[in-house]
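Participant: Residue numbers (this note's numbering): 441 to 840. Pasting a structure here, questions to come.
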Amino acid sequence: MCDDLGPLLRAHMSRRGALRAAGTAGVAAAAVGLGVAGTSGAAQAAGAPGAARPDTSGSRHRTRVVLLGTAGGPVLTDGARMGISTAIVYEDRVYLVDLGFGSQMRIAAAGLGSGSPSGVLDNVRGIFLTHMHSDHWAEWPALYPTVPSNGTGLSEPIRVFGPGDRDTLPPVSPPGRPEPPVVTPERPIPGISETTDRLRDTFAADLNERARASLFRLPDELFVVQDIDISSLWHVDPPGIPPRLDAPIPVWTDGDVRITATLVDHRPTAPSFAFRFDTPDGSVVVSGDTRVSQNLIDLASGADYLVHECVDAAYIDEVVSVFPPDQREFMRMTLLQGHTTIEQVGRDVAEPAGVKNLVLTHLVPTDPGPEHWLPAGEGYSGRLIVGEDLMQLGVGSRRR
């Protein structure tokens, strides 16, 4: 939805110019987050975006969750909410899930670097991409060629994991519409490894000149990029609806940190992943974009934190009102089919998973106040936290 919403609205906004005056110019922002921490019983407001310092009390924990960016969608915001990105930190090791717009700046602002002026990325151990929509990895093309300048203290290459190539295109919707041109038809939906190979070619002039004129290390020395292998689990079909898995997908064990994944349902975008991080202090699951998914519920079972996307279905109704009547229900289905609503996320995901804390991020839309999201706690017996950029949440006990 997040990649589709902005262009669709721009194409139709001229028909509903009055919406801007009514405050729905935020529609064109195509989903951003807002933040407040609270519980399912009572909210403890931190204020509107930019109005208060985010809660960073979790920074004193050995394991913590850092919300680097809580905005969804590729349309730029006013900067109060950067693109979607979440860090899981264990001791001084940083693991990044998704790299939306501005995530490198948020890594610096959160103090996750080594402290050296050229060491913002020194502590990054791994990068985990949930799927290949631009709002979830738009910063990768920026981080890839610049890590030699911003990770000068890296002792080991950064491990990068993400979807592999998909060899089937999703169906054209609505049925009967002329098929649009296919970009790079020989490999139309490349995964992270193929995409990175293309980045290397794109930045050849920069990389070659810097390597020959200085002690600049090439990115190939600083990254190990790997597609997550699902070949024994699923051959992605055009609808992109994943099968139920019997067990999590092992991804990587980095000392005391174990990372597993599952397939989530972001139809027709596939494969799409959620990730779980287990440390000696507890467990954190990051959903990526998904509708209610039994695979995700299984992965998140008993987790300390579930960091989950959330969308307001009433807002989508407002969005689709700009379309002709005979297109509205189709567009509503298109925009909602791969996402989880306010009414669903606590009751239908967090509660059956038995997670202790539900953290909302990638919120759609941007303008309601924090109290707007509190109904997500209905039917959920744990603690509800509405995320804001640079919020830090502790897992387990504080450092001694």
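By construction, the Cβ of each residue, glycine as well, lies at the ideal position given by its N, Cα and C atoms.
1) By the three-class DSSP mapping on this structure, what secondary structure does ALA485 have?
2) Using the DSSP secondary-structure output, state which residues sit across from SER525 in a beta bridge.
3) Identify which residue in PRO805, GLY817 and SER556 has its Cα closest to the Cα of ARG521.
4) Out of THR592, PRO683 and LEU609, which one is the CA nearest neighbour of THR624?
5) Given this structure, state the Cα-to-Cα distance separating GLY475 from GLU626, to the nearest angstrom.
6) Enumerate, from N- to C-terminal direction, the unbroken beta strand (DSSP E) stretches of 3 or more residues contained entirely within the region 794–834.
7) Find out if the Cβ-Cβ distance for the pair PRO690, ALA710 is shorter than 8 Å.
8) Out of PRO597, SER613 and GLY553, which one is the CA nearest neighbour of PRO678?
9) Let me check one thing: in DSSP terms, what residues is ASP718 bridge-paired to?
10) If GLY540 sits next to ASP575, beta carbons under 8 Å apart, how far is it from one beta carbon to the other, in whole angstroms?
11) In three-state DSSP terms, what is PHE566?
12) Spatial neighbours of LEU746 within its chain, please: CB distance less than 6 Å, with the 5 preceding and 5 following residues excluded, ordered by chain position.
13) Please confirm if the region 556–569 is in contact with the region 499–518, defined as three or more CB-CB distances below 8 Å between the two stretches.
14) With distances taken Cα to Cα, identify the nearest neighbour of VAL697 among ASP637, LEU583, ARG716 and VAL537.
15) Tell me, please, whether the region 746–759 touches the region 771–780 by the rule of three or more beta-carbon pairs shorter than 8 Å.
16) Buried or exposed for GLU769, going by 16 or more other Cβ atoms inside 10 Å?
17) From ASP660 to ALA645, what does the alpha carbon distance come to, in whole angstroms?
18) Against chain B, with Cβ distances strictly below 8 Å, would GLY786 count as a contact?
19) Rounded to the nearest angstrom, what separates GLY553 and ARG546 at their Cα positions?
20) Hey, GLY915 and ALA578 are a contact pair by Cβ (cut 8 Å); roughly how many whole angstroms apart?
21) Going by C-alpha distance, which of PRO615, PHE763, ILE756 and ASP718 is nearest ALA743?
22) Roughly how many whole angstroms lie between the Cα atoms of ASP757 and PHE663?
23) Could you give the DSSP three-state label for ILE381: helix, strand or coil?
24) Please return the same chain residues whose Cβ sits closer than 7 Å to the Cβ of ASP788, not counting the five positions on each side in sequence.
Facilitator: Taking the definition as stated:
1) Reliability fails at ALA485, whose pLDDT of 31 lies under 50, so the model's placement of it is uncertain and the value that follows must be treated cautiously. In this structure, ALA485 counts as coil in the three-state DSSP scheme.
2) GLY509
3) PRO805
4) LEU609
5) Since pLDDT at GLY475 reaches only 26, below the 50 mark, its modelled position is unreliable, and no value is offered.
6) 797–804 and 823–826
7) no
8) SER613
9) ARG698 and SER723
10) 5 Å
11) Here residue 566 turns out to be Gly, not Phe, going by the sequence shown. Correct three-state label for GLY566: strand.
12) VAL725, ALA740, ALA790, VAL795 and LEU798
13) no
14) ARG716
15) yes
16) exposed
17) 15 Å
18) Here chain B cannot be found, since the structure has a single protein chain.
19) 11 Å
20) The first residue shown for the chain is 441 and the last is 840, placing residue 915 beyond what the model contains.
21) ASP718
22) 43 Å
23) Absent from the model: residue 381. The displayed extent of the chain is 441 to 840, so no value can be given.
24) VAL732
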